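*Asks:* Have a look at the structure that comes next, please.
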Amino acid sequence: MMDEIPVLEEGCDVQESKIRPRYSLPMIRLTTVFVATVFLDGIVSNVLWFTPGASDYFIDSVAKYAFLSSVFDLVLVAVLKILILIPCISLREKLALRQIQHGSYVDKQHLNSVCFAVQIAVSLAGLAFTGTKGGMVLYAIVHDSNYVKMHGTCEALLICALVFSLVETGMLLASYKALERLKDIQIVHNYNEDGLEVDKDGNPVKRLSIMRLFSLAREELFMLLMGALCLLVSSGTQMVAPLYFGKVVDAAQHSMSELNETVFILLGIYVGGNLFSMARSWLFTLAGQRVVARLRKVLFQSIIRQDVAFFDTNRTGELCNRLSSDTQVLQNAVTVNMSMLSRYVLQMIGSLVFMFTLNASLTGVLLAVVPLVSVLAVQYGKYMKKLRKDFQDRLGDAGTQAEESLSSIRTVRMFSAESKSADLYGVDVDRSYQVGKKLAAAGGVFEGGVGVLVSGSIVLVLWYGGKLVHDNYTDPNKGITPGILTAFLLYTLQVALAFALMSSLYGDFMQAVGASTRIFELMDRTPKVSNENGKKLSELDGRIEFKAVDFTYPSRPDTKVIKNFSLTVEPGEMVALVGPSGGGKSTIVNLIERFYDPDQGNITLGGHNLRELDPQWFRQRIAMVSQEPTLFACSIRDNIAYGRQATMEEVMEAAKEANAHEFVSGFEDGYDTLVGERGVRLSGGQKQRIAIARALIMDPVILLLDEATSALDAESEHQVQEAVDRAMKKRTVVVIAHRLSTVRKAGKVVVIDKGEIAEQGTHDELLARDGVYKKLVHRQMMAGFSADTNAVKVDTSIEPSASSNAVEAHVINDLD
11 MMDEIPVLEE GCDVQESKIR PRYSLPMIRL TTVFVATVFL DGIVSNVLWF TPGASDYFID
71 SVAKYAFLSS VFDLVLVAVL KILILIPCIS LREKLALRQI QHGSYVDKQH LNSVCFAVQI
131 AVSLAGLAFT GTKGGMVLYA IVHDSNYVKM HGTCEALLIC ALVFSLVETG MLLASYKALE
191 RLKDIQIVHN YNEDGLEVDK DGNPVKRLSI MRLFSLAREE LFMLLMGALC LLVSSGTQMV
251 APLYFGKVVD AAQHSMSELN ETVFILLGIY VGGNLFSMAR SWLFTLAGQR VVARLRKVLF
311 QSIIRQDVAF FDTNRTGELC NRLSSDTQVL QNAVTVNMSM LSRYVLQMIG SLVFMFTLNA
371 SLTGVLLAVV PLVSVLAVQY GKYMKKLRKD FQDRLGDAGT QAEESLSSIR TVRMFSAESK
431 SADLYGVDVD RSYQVGKKLA AAGGVFEGGV GVLVSGSIVL VLWYGGKLVH DNYTDPNKGI
491 TPGILTAFLL YTLQVALAFA LMSSLYGDFM QAVGASTRIF ELMDRTPKVS NENGKKLSEL
551 DGRIEFKAVD FTYPSRPDTK VIKNFSLTVE PGEMVALVGP SGGGKSTIVN LIERFYDPDQ
611 GNITLGGHNL RELDPQWFRQ RIAMVSQEPT LFACSIRDNI AYGRQATMEE VMEAAKEANA
671 HEFVSGFEDG YDTLVGERGV RLSGGQKQRI AIARALIMDP VILLLDEATS ALDAESEHQV
731 QEAVDRAMKK RTVVVIAHRL STVRKAGKVV VIDKGEIAEQ GTHDELLARD GVYKKLVHRQ
791 MMAGFSADTN AVKVDTSIEP SASSNAVEAH VINDLD
């Protein structure tokens with residue numbers, strides 16, 4: 011019995027972990043050895059079987075089967091074990107690993123037992139069959155004088171099959187205890203601040219499961235199965251076609267009736283194959299479109315639910331690239347490309363089977379280059395995976411630069427920075443081009459090298475096949491006919507074409523692996539500030555309290571923005587935040603909205619910790635009007651009703667309260683007028699009033715305001731201020747003040763400097779003190795009078811009221 015449950019840290023070497031040897035993870039390597047053994051059994055069996063064979067050996071093996079002299083049955087047993095034992099051991103290994111990672115073992119124990127029982131049954135049946143055959147052959151050799159001895163390689167195959175069966179059975183019995191012990195191991199998962207799992211060095215753990223990649227198409231399983239059925243039929247017709255080409259060549263030497271019959275059969279094969287190929291293409295493409303549509307929805311939901319800190323450190327253009335480019339790459343990988351890959355694999359395997367049937371020695375010559383090409387393909391795949399990921403990253407940088415420039419086109423035009431923006435975009439494009447050149451070079455070298463090897467083997471096959479045809483002319487009992495050589499060459503071309511196309515698809519698949527890694531990272535990321543769950547109160551009284559709050563932005567961890575901040579805002583009270591720019595006023599508003607969580611201290615709403623409340627619930631009771639409101643590229647009605655479902659009457663009532671109804675009614679399309687991207691078709695004052703209407707329609711308990719500056723003209727300023735005054739009635743209000751008139755109305759003025767409260771009180775109380783607020787007001791008032799005097803000298807038509815407004819604006823604007 012164990013004294014304690016061993017713990018294995020994620021990402022650490024087993025030798026470094028303090029686990030008893032019998033519980034160590036290397037025990038699970040037994041499954042890898044087992045899989046390799048089963049594969050080796052199949053490969054050895056096929057190689058030994060084909061070694062003594064003639065061109066029709068496959069057919070003879072089936073038609074002239076004899077238990078004591080044939081070994082075809084042993085080959086079938088080896089193939090059957092590959093098809094059954096390997097998937098079963100892989101599933102059992104997956105269940106054991108799931109126990110280590112998540113602790114979910116008991117609920118899947120019955121599945122593990124079933125897999126083990128199937129494995130033991132198949133393994134024991136293979137051992138019994140092989141042992142029986144070996145015993146009877148040995149008995150016949152000793153006691154039956156008429157027994158015709160097997161070919162030497164066949165005897166070797168029988169011995170190998172018996173040895174492999176014994177080893178595989180022993181490994182299966184050992185694997186049961188080895189995998190059982192893994193349920194006693196627990197694994198420690200470590201997560202970084204972004205919610206991503208990390209190893210002991212703090213590097214993100216990239217879990218890319220091929221099964222997870224293809225699980226994206228789980229809902230299209232029936233469609234894909236139908237497509238796979240069509241794929242099998244169309245691939246089957248392609249495999250049979252070269253055989254009939256060869257028959258056409260031979261039939262032409264006999265009679266026209268035989269030629270016509272063979273040609274019509276060939277035509278029927280092609281027509282039928284292309285019909286099924288059309289259905290295959292339609293089904294897989296449609297499935298791909300459905301997969302990418304669903305994936306984009308899921309990915310967007312994952313991105314939009316991330317905390318605000320995530321968007322501080324991730325650029326919009328890069329995220330948009332993930333939604334568009336990377337998802338498209340995945341669509342091709344899991345549907346269309348997988349369809350093509352399956353087709354080429356079937357075509358290659360089927361062609362090789364027919365080639366072995368036609369002539370095994372010619373096939374051996376062709377396959378001589380396979381080991382070298384396989385090594386090249388593995389190295390090429392590793393290199394291409396890295397390059398593809400780098401290429402996608404560079405494209406993301408270019409997309410981000412383009413998105414920033416185009417979305418801020420007015421600023422670009424204002425500073426005549428078109429050339430600068432084009433140059434910056436060009437730099438990012440050139441970087442992607444440099445990676446693209448490496449991709450092109452690597453692809454060219456690989457395809458060229460493989461082409462030389464494959465072409466060389468084809469030329470060698472052509473020479474050797476010509477020699478066999480020549481032998482047939484001199485002796486009909488030797489060699490092969492011209493028709494067989496024609497069919498064999500067509501099969502060779504099919505194999506070469508399939509292999510070449512598979513090579514290009516392999517590169518695309520490596521690109522999909524890189525894209526899926528980035529997508530799954532976004533989908534797996536856990537927001538630090540959750541948008542779901544939490545308490546929903548029956549009512550909210552509007553009381554806000556900060557208790558010794560410290561805060562730093564995640565994107566600037568070395569700069570403390572808020573320091574030991576304590577503040578209480580009573581229900582229905584108006585609090586004005588003033589202070590120098592960068593002092594932390596906007597951060598206070600962000601914390602109330604819980605865009606971020608404080609590093610230290612607590613924020614309460616209605617006496618309840620903000621972390622305990624449902625964010626979506628309390629944000630429905632808080633409205634915010636920013637200094638530069640964001641409008642969406644839709645109608646005025648949709649912008650006002652953005653926060654909740656509202657009737658047209660409610661939209662109009664909110665617009666009237668915000669002094670927006672009059673100018674909206676003046677538009678030709680009224681409330682259906684499209685405002686353009688970010689409200690570009692509206693003036694600054696109009697956008698402000700639409701934003702106020704959007705806040706009022708929420709009927710908020712708490713109103714957060716960032717007052718508009720004096721950039722508005724006097725009339726718009728008056729309209730906006732009147733709307734703001736109306737919105738603040740009977741609500742808890744926190745306002746970042748820019749006007750002296752607003753400060754005077756506030757029940758409490760809080761002066762914030764360098765993240766701390768310098769002083770607080772009413773406007774009159776603060777002026778009575780010889781403190782920061784009084785000095786700031788007096789200094790800015792003098793600057794305001796100077797600015798106003800200069801303005802009067804330039805334009806004497808300015809009204810006194812406008813002059814006063816200018817002074818007032820100067821007084822408070824620089825307090826911000």
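Every number in my numbering is 10 more than the matching position in the sequence shown, counting from 1.
The beta-carbon is built from N, C-alpha and C at its ideal position, and this holds for glycine as well.
This structure is a prediction, so every number in the text was calculated from the model and none was measured.
#1: Quick check for students: name the residue ranges of the alpha helix (DSSP H) that lie wholly in the segment 523-604, counting only runs of 4 or more.
#2: Exposed or buried, what is V469 when buried is set at 16 or more other beta-carbons lying within 10 Å of its beta-carbon?
#3: Report, in whole angstroms, the separation of the C-beta atoms of I54 and I92, which I expect to be a contact under 8 Å.
#4: DSSP state of S645, grouped into three classes?
#5: Hey, how far is the Cα of L786 from the Cα of M634?
#6: Do G611 and A558 have their beta-carbon atoms positioned less than 8 Å apart in this structure?
#7: Using the C-alpha atoms, what's the distance from E542 back to H618?
#8: Buried or exposed for I494, please, with buried defined as at least 16 other CB atoms from any protein chain shown within 10 angstroms of its CB.
#9: Specify, as a first and last residue, the run of the beta strand (DSSP E) that T742 falls within.
#10: Please report the Cβ distance between L333 and R306, rounded to the nearest whole angstrom; I am assuming they are in contact, meaning their Cβ atoms lie under 8 Å.
#11: Skipping 5 residues on each side, what residues in its chain have a beta carbon closer than 8 Å to that of L309?
#12: Considering only C-alpha positions, which residue in the set L137, V132 and A184 is nearest to I169?
#13: What does DSSP give as the partner residues of V635 in its beta bridges?
#14: Indicate whether the contact test is met: 3 or more Cβ pairs, each with one atom in the segment 774-783 and one in the segment 570-583, closer than 8 Å.
#15: In three-state terms, what does DSSP make of I707?
#16: Do R736 and G653 have their C-beta atoms closer together than 8 Å?
#17: List the residues that DSSP assigns as beta-bridge partners of Q610.
#18: If I measure Cβ to Cβ from G446 and keep anything under 8 Å in the same chain, skipping five residues before and after, which residues do I get?
#19: Classify C240: buried if its beta carbon has 16 or more other beta carbons within 10 angstroms, exposed otherwise.
#20: By Cβ distance below 6 Å, which residues in the same chain neighbour A768 in space, the five residues on each side in sequence not counted?
#21: Alpha carbon to alpha carbon, how far is H153 from V147?
#22: Considering only the alpha carbon of each residue, which of A586, Y435, K396 and L397 lies closest to S415?
#23: Pull up the CB-CB distance for A88 and G52, whole angstroms please, since I reckon it's below 8 Å.
#24: Taking the straight line between their C-alpha atoms, what separation do you get for G594 and D679?
#25: Tell me whether the beta-carbon of N347 lies closer than 8 Å to the beta-carbon of D518.
#26: Using a Cβ-Cβ cut-off of 6 Å (strictly less than) and excluding sequence neighbours within five positions of P625, which residues of its own chain qualify?
#27: Tell me the rounded alpha-carbon separation between M662 and S675.
#28: For T140 versus L86, is the C-beta spacing smaller than 8 Å?
#29: Name the DSSP beta bridge partners of E769, please?
#30: Name the one or two DSSP bridge partners that N619 has.
#31: Under 8 Å by Cβ, that's how I've got Y354 and L478 pegged, so tell me the actual separation to the nearest angstrom.
#32: Would you please state the rounded distance, in angstroms, between the beta carbons of L253 and F364? I believe it to be under 8 Å.
#33: In angstroms with no decimal places, state the Cα-to-Cα distance between L692 and S636.
#34: Three-state secondary structure (DSSP) at L377?
#35: So who's on the other strand from L405, going by DSSP bridges?
#36: Please name the residue in A135, L242, R102 and G144 whose C-alpha comes closest to that of V124.
*Replies:* In short, the structure shows the following:
#1: Taken in chain order, the complete alpha helix (DSSP H) segments of 4 or more residues contained in the segment 523-604 are 595-602.
#2: Along the sequence shown, one-based indexing puts residue 469 at 459. V469 should be labelled exposed.
#3: Within the sequence shown, residue 54 is the residue found at index 44, counting from 1. Within the sequence shown, residue 92 is the residue found at index 82, counting from 1. For clarity, residue 54 is Val in the given sequence; the question names Ile instead. By a beta-carbon distance limit of 8 Å, V54 does not contact I92. Their separation comes to about 12 Å.
#4: Looking up residue 645 in the sequence shown gives position 635. Strand at S645.
#5: By 1-based counting over the sequence shown, the position of residue 786 is 776. By 1-based counting over the sequence shown, the position of residue 634 is 624. Spanning the two alpha carbons is a distance of roughly 27 Å.
#6: Here the question's residue 558 lines up with position 548 in the sequence shown. Here the question's residue 611 lines up with position 601 in the sequence shown. Contact flag set, yes.
#7: Here residue 618 is taken as the residue at index 608 of the sequence shown, counted from 1. Here residue 542 is taken as the residue at index 532 of the sequence shown, counted from 1. If I take the Cα positions, the gap works out to 17 Å.
#8: Locating residue 494 in the sequence shown gives position 484, counting from the first residue. Counting Cβ neighbours within 10 Å, I494 comes out buried, since at least 16 surround it.
#9: For the purposes of this step, residue 742 is taken as the residue at position 732 of the sequence shown. Start and end: T742 to I746.
#10: Indexing the sequence shown from 1 puts residue 333 at position 323. Indexing the sequence shown from 1 puts residue 306 at position 296. Indeed they touch by this definition, with Cβ atoms about 6 Å apart.
#11: By one-based count along the sequence shown, residue 309 stands at place 299. Correct list, in chain order: R332, L333, T337, I529, L532 and M533.
#12: The residue you call residue 169 lines up with position 159 of the sequence shown. When each option's Cα is compared against that of I169, the closest is L137.
#13: Here residue 635 refers to the residue found at position 625 of the sequence shown. DSSP, once it has assigned bridges, lists L715 as partnering V635.
#14: No: the two stretches stay apart, fewer than three of their Cβ pairs being nearer than 8 Å.
#15: Against the sequence shown, residue 707 aligns to sequence position 697. DSSP places I707 in the coil class of the three-state scheme, outside both helix and strand.
#16: Here residue 736 refers to the residue found at position 726 of the sequence shown. Here residue 653 refers to the residue found at position 643 of the sequence shown. Going by C-beta atoms, R736 is not nearer than 8 Å to G653.
#17: Position 600 of the sequence shown, counted from the first residue, corresponds to residue 610. D560, per the DSSP bridge assignment.
#18: By one-based count along the sequence shown, residue 446 stands at place 436. F401.
#19: Along the sequence shown, read from residue 1 onward, the residue named residue 240 stands at position 230. In summary, C240 is buried, with 16 or more beta-carbon neighbours lying within 10 Å of its beta-carbon over all protein chains present.
#20: Here residue 768 corresponds to residue number 758 of the sequence shown, with the count starting at 1. Closer than 6 Å at Cβ, skipping near neighbours: V761 and V782.
#21: For the purposes of this step, residue 153 is taken as the residue at position 143 of the sequence shown. For the purposes of this step, residue 147 is taken as the residue at position 137 of the sequence shown. Each residue's Cα considered, the two are about 10 Å apart.
#22: One-based indexing of the sequence shown puts residue 415 at position 405. Measuring from the Cα of S415, the nearest candidate turns out to be Y435.
#23: Here the question's residue 88 lines up with position 78 in the sequence shown. Here the question's residue 52 lines up with position 42 in the sequence shown. Indeed, because the Cβ distance is near 4 Å, the residues count as touching under 8 Å.
#24: If you number the sequence shown from 1, residue 594 lands on position 584. If you number the sequence shown from 1, residue 679 lands on position 669. One C-alpha to the other measures close to 42 Å.
#25: Locating residue 347 in the sequence shown gives position 337, where the first residue counts as 1. Locating residue 518 in the sequence shown gives position 508, where the first residue counts as 1. With contacts defined as CB atoms closer than 8 Å, N347 and D518 qualify as a contacting pair.
#26: Within the sequence shown, residue 625 is the residue found at index 615, counting from 1. Exclusion of the five residues before and after P625 leaves N541 and R604 as the residues of its chain whose Cβ lies within less than 6 Å of its Cβ.
#27: Here the question's residue 662 lines up with position 652 in the sequence shown. Here the question's residue 675 lines up with position 665 in the sequence shown. About 10 Å.
#28: Taking the first residue of the sequence shown as 1, we reach residue 140 at position 130. Taking the first residue of the sequence shown as 1, we reach residue 86 at position 76. The answer is no: Cβ separation not under 8 Å.
#29: Taking the first residue of the sequence shown as position 1, residue 769 is located at position 759. E769 is bridged to V761.
#30: If you number the sequence shown from 1, residue 619 lands on position 609. Bridge partners of N619: T614.
#31: Position 344 of the sequence shown, counted from the first residue, corresponds to residue 354. Position 468 of the sequence shown, counted from the first residue, corresponds to residue 478. The pair is not a contact, with the Cβ atoms about 28 Å apart (cut-off 8 Å).
#32: What you label residue 253 is simply residue 243 of the sequence shown in a count that begins at 1. What you label residue 364 is simply residue 354 of the sequence shown in a count that begins at 1. Rounded to whole angstroms, the Cβ separation of L253 and F364 is 6 Å, and the two are in contact under 8 Å.
#33: For the purposes of this step, residue 692 is identified with residue 682 of the sequence shown, where counting begins at 1. For the purposes of this step, residue 636 is identified with residue 626 of the sequence shown, where counting begins at 1. Computed Cα separation, rounded: 16 Å.
#34: Your numbering for residue 377 matches position 367 in the sequence shown. Secondary structure at L377: helix, using DSSP grouped into helix, strand and coil.
#35: Your numbering for residue 405 matches position 395 in the sequence shown. DSSP lists no partner for L405.
#36: One-based indexing of the sequence shown puts residue 124 at position 114. Of A135, L242, R102 and G144, the residue nearest in Cα terms is R102.
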